[in-house]
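Colleague:
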Amino acid sequence: QVQLVESGGGLVQPGGSLRLSCAASGTIFSIYTMNWYRQAPGKQRELVASITSGDSTNYADSVKGRFTISRDNAKFRVYLQMNSLKPEDTAVYYCNFRRRSIDYWGQGTQVTVSS
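Mapping of the sequence shown onto the numbering used here: position 33 corresponds to residue 33, and the numbering continues sequentially without gaps.
#1: What do you get for V2, buried or exposed, if any count of 16 or more other CB atoms within 10 angstroms of its CB means buried?
#2: Please look up how many angstroms separate the CB atoms of S21 and G8, rounded, as I've assumed it's under 8 Å.
#3: By the three-class DSSP mapping on this structure, what secondary structure does N73 have?
#4: Do you know whose CA, among K43, G108, Q13 and E88, lies nearest N96's CA?
#5: Quick check on the burial criterion: 16 or more other C-beta atoms within 10 angstroms. Buried or exposed for D61?
#6: How many Å lie between T68 and D103 at the Cα?
#7: With DSSP run on the structure shown, which of helix, strand or coil describes D89?
#8: To the nearest angstrom, report how far apart A40 and V48 are at their CA atoms.
#9: Considering just the uninterrupted stretch of the beta strand (DSSP E) at N58, what are its terminal residues?
#10: Using DSSP with H/G/I as helix, E/B as strand and the rest coil, what is N96?
#11: With distances taken from CA atoms, which of T33, L18 and Q44 is nearest S56?
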């Protein structure tokens with residue numbers, strides 16, 4: 001059974017940092033592109049960052065230069081380092097990958113940026 005579990009969210013002041021972690025189980029991890037999405041209240045879920053099996057990365061314009069996605073295939077984990085956080089980064093962050101046209105999601109972790 002495929003399972004994704006996110007952790008690392010919380011409350012942080014503007015300008016602060018957080019590191020999100022996603023633990024995967026029940027699947028071969030290293031061959032898939034892994035994604036981080038976020039969904040703010042009243043907004044659609046949006047793609048924040050992706051990392052391919054070859055460690056190529058892609059970022060939404062809104063987070064470029066501030067967020068870094070990485071993966072540790074030996075630990076079946078993908079990370080999102082978030083620096084210089086802004087109030088508009090407040091959202092539930094989800095880990096995701098697609099296998100055979102099926103999207104798999106974690107339960108999400110709340111990130112709140114507020115003073």
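No residue lacks a Cβ here, since even glycine has one placed at the ideal position from N, Cα and C.
Modeller: A quick look at the data gives this:
#1: As a first step, residue 2 must be located in the sequence shown, where it is residue number 2. Its Cβ having fewer than 16 others within 10 Å, V2 is exposed.
#2: Indexing the sequence shown from 1 puts residue 21 at position 21. Indexing the sequence shown from 1 puts residue 8 at position 8. Indeed they touch by this definition, with Cβ atoms about 5 Å apart.
#3: As a position in the sequence shown, residue 73 is number 73, starting the count at 1. N73 falls in the helix class under three-state DSSP.
#4: Position 96 of the sequence shown holds residue 96. Per the Cα distances, G108.
#5: Within the sequence shown, numbered from 1, the residue matching residue 61 stands at position 61. Classification for D61: exposed.
#6: Against the sequence shown, residue 68 aligns to sequence position 68. Against the sequence shown, residue 103 aligns to sequence position 103. T68 and D103: Cα-Cα distance of roughly 22 Å.
#7: Residue numbering aside, residue 89 sits at position 89 when the sequence shown is read from its first letter. Of the three classes helix, strand and coil, the one that applies to D89 here is helix, per DSSP.
#8: On the sequence shown, position 40 is the one that residue 40 refers to. On the sequence shown, position 48 is the one that residue 48 refers to. If you draw a straight line from the Cα of A40 to the Cα of V48, it is about 12 Å long.
#9: Counting from one through the sequence shown, the residue named residue 58 turns up at place 58. Run containing N58: T57 to Y59, per the beta strand (DSSP E) assignment.
#10: Numbered from 1 along the sequence shown, position 96 holds the residue referred to as residue 96. Strand, per DSSP.
#11: Residue mapping note: residue 56 aligns to position 56 of the sequence shown, counting from 1. With distances taken between Cα atoms, S56 lies closest to T33.
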